[in-house]
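Presented below is the structure to which this report refers.
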Amino acid sequence: MKVAIPKERREHETRVAASPETVTKLKALGLDVVVEAGAGDQARMLDADYQEAGATIAASAMDALKDADIVFKVQRPLPEEIGYMKRGAMLAAILSPYNDPDAMKACADAGVNAFAMEFMPRITRAQSMDVLSSQSNLAGYKAVLDAANVYGRAFPMMMTAAGSIAPARVMVMGAGVAGLQAIATAKRLGAIVSATDVRPAAKEQVESLGGTFVMVESDETKEAETSGGYAKEMSDEYKQKQAALIADTIKKQDIVICTALIPGKPAPKLISEEMVKSMKPGSVIIDLAVEQGGNCAFAKLGDIVDVDGVSIVGHHNVPGRLPADASALYAKNLLNFITPLINAESGALEIDWEDEIITGTCLTKDGAIVHPNFAEGGQS
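The structure is reproduced here in structure tokens:
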């Protein structure tokens with residue numbers, strides 16, 4: 007069976023869906039691996055490294071994808087890439103069907119069996135396949151480094167003969183995987199850290215990392231988490247109470263890192279224009295949710311906006327700003343996903359279509375859109 011790894015062609019994408027390490031392990035499963043020339047260049051994974059691991063290098067996307075039984079990508083394929091895939095091929099990638107339903111329909115029309123890796127169920131045996139966790143971890147870390155780069159002062163308290171420097175105050179909005187990593191990284195750099203989240207369960211996690219938890223507690227927050235571990239959208243009344251608390255807290259902060267996302271919906275607006283203007287000149291806001299509309303009112307994708315001396319940073323694809331590590335982790339997620347689906351004796355692909363990992367991630371099958379959130383009558 008042939009596994010294809012094409013080069014990523016979407017703007018701002020620096021990652022690749024296989025590493026030389028995972029190529030070696032895919033070969034050990036009995037699979038033939040074809041990597042498009044230059045696919046790993048931006049992640050510092052060179053064609054020669056893939057060849058040494060046992061991959062064949064294809065000159066073009068068409069050469070890599072034609073006759074492939076399995077296709078690994080980071081982002082959803084472009085229309086021409088879908089056209090190169092054969093009917094019945096399996097595609098595993100971060101497909102973003104809420105943002106681009108046409109690409110999902112194109113996969114169905116082409117007979118491609120598409121699996122959205124970001125829909126991986128949050129169950130114990132799927133932890134090693136969870137691309138959101140692996141990539142969000144790096145995003146949370148990088149967000150703090152980006153903040154330190156823009157912020158014009160030091161993070162830790164410093165006592166010198168010339169005087170003392172007060173520690174930076176960092177607030178993290180959203181204590182999911184990215185937020186918790188941001189808290190840990192900011193603490194390592196010596197900042198005073200606080201965090202907020204609508205889920206009461208996050209309080210213990212935040213405090214275990216040395217942060218102070220800021221939250222409006224109510225009966226509503228007892229059910230603020232989905233069965234998959236994600237935050238639910240809260241009522242308007244709760245949002246108003248939380249906004250008042252955040253407004254009072256945020257004006258005392260030097261750095262705010264926004265990480266709040268709701269699956270399938272625009273990012274919740276947590277920082278208003280008034281809140282931004284209440285912050286001290288020189289403060290920094292990093293909006294990791296900017297690609298979903300942003301948590302901050304002034305955030306602009308791909309830009310650093312200055313509002314009365316406050317910098318609002320909205321980088322594209324923050325995990326991709328650490329392409330080598332992001333690619334290595336993502337490639338392992340894909341390897342762990344495909345390994346149980348390969349028959350150890352025959353090397354054939356054997357998918358249990360009733361498995362909850364499969365039902366949770368499969369968008370299209372045999373020419374139809376099958377995921378319950380998108381199939382006819384489903385919720386989008």
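Under this note's numbering, the first residue of the sequence shown is numbered 7, with each subsequent residue one higher.
Beta carbons are placed, not taken as given, at the ideal position from N, Cα and C, and that holds for glycine.
Residue i CB to nearest heavy atom of the ligand ATP below 8 Å
i: R131; result: Only the bare structure without any ligand can be found here, which leaves the ligand ATP out of the picture.
Strand pairing of residue i, partner residues [DSSP]
i: M164; result: I171
i: F121; result: A98 and C368
i: M177; result: S200 and V262
i: T191; result: DSSP output for T191 lists no bridge partner at all.
i: I310; result: V319
i: F78; result: A98
i: I375; result: T370
i: L355; result: I348
Local Cβ density within 10 Å of residue i, reported as buried at 16 or more and exposed below that
i: M165; result: exposed
i: P26; result: buried
i: T367; result: buried
i: P85; result: exposed
i: N349; result: exposed
i: A172; result: exposed
i: G383; result: Residue placement at G383 is flagged as unreliable, the pLDDT there being 47, under the threshold of 50; the coordinate-derived value follows with that caveat. Exposed is the call here.
i: S170; result: exposed
i: T62; result: exposed
i: Q298; result: buried
i: G146; result: buried
i: D242; result: exposed
i: G217; result: buried
i: T130; result: exposed
i: M163; result: exposed
i: R93; result: exposed
i: R21; result: buried
i: P103; result: buried
i: L16; result: A quick correction: the sequence has Arg, not Leu, at residue 16. Exposed, by the Cβ-count rule.
i: E87; result: buried
i: N105; result: exposed
i: S386; result: In this prediction, S386 has a pLDDT of 41, which is less than 50 and means its spatial position is unreliable; nothing more can be read from the coordinates.
i: K258; result: exposed
i: E42; result: buried
i: G89; result: exposed
Under 9 Å between C-beta atoms of residue i and residue j
i: V212; j: I189; result: yes
i: M177; j: D203; result: no
i: T345; j: L97; result: no
i: N143; j: V183; result: yes
i: V37; j: M68; result: Correcting the residue identity first, residue 37 is Leu in this sequence and not Val. Result no, Cβ atoms of L37 and M68 do not sit closer than 9 Å.
i: V282; j: D314; result: yes
i: M91; j: V80; result: no
i: R82; j: A65; result: no
i: G373; j: D115; result: yes
i: I387; j: A153; result: Outside the shown range of the chain (7 to 386) lies residue 387, about which nothing can therefore be said.
i: K275; j: G300; result: yes
i: S389; j: I256; result: There is simply no residue 389 to check, as the chain begins at 7 and stops at 386 in what is shown.
i: K286; j: V316; result: yes
i: R194; j: D260; result: no
i: A149; j: L267; result: no
i: E356; j: L347; result: yes
i: E362; j: P127; result: yes
i: A122; j: A95; result: no
Span of the beta strand (DSSP E), counted from its first residue to its last, around residue i
i: G320; result: V316 to G320
i: F219; result: T218 to V220
i: Q246; result: From DSSP, Q246 is part of no beta strand (DSSP E) but of the alpha helix (DSSP H) over D242 to I256.
i: T62; result: T62 to A64
i: K8; result: K8 to I11
i: R108; result: Residue 108 is actually Asp in this sequence, not Arg. Here D108 belongs to no beta strand (DSSP E); instead the alpha helix (DSSP H) covers P107 to D115.
i: K92; result: No beta strand (DSSP E) contains K92, which DSSP labels as neither H nor E.
i: V39; result: D38 to E42
i: I292; result: V290 to D293
Integer-rounded CB distance, given that residue j should sit under 8 Å from residue i
i: S333; j: A49; result: 4 Å
i: L412; j: G320; result: This structure gives no information on residue 412, because the portion of the chain shown stretches from 7 to 386.
i: K13; j: A45; result: 4 Å
i: S140; j: L335; result: 4 Å
i: A132; j: L101; result: That belief does not hold up - the Cβ atoms of A132 and L101 are roughly 17 Å apart, past 8 Å.
i: K338; j: T30; result: Actually they are not in contact, since the Cβ atoms of K338 and T30 sit about 12 Å apart, beyond 8 Å.
i: L341; j: A23; result: Incorrect: roughly 10 Å between the Cβ atoms, too far for contact.
Span of the alpha helix (DSSP H), counted from its first residue to its last, around residue i
i: D69; result: A67 to L71
i: Q57; result: D53 to A59
i: E279; result: E279 to S284
i: E27; result: P26 to A34
i: N301; result: Counting along the chain, N301 falls outside any alpha helix (DSSP H), and DSSP gives it neither H nor E.
i: Q134; result: Here residue 134 is Ser; the residue named in the question, Gln, does not match the sequence. Here S134 belongs to no alpha helix (DSSP H), and DSSP marks it neither H nor E.
i: A208; result: A208 to S214
Cutoff 9 Å: residue i Cβ touching any chain B Cβ
i: L340; result: The structure shown contains no chain B; it is built from a single protein chain.
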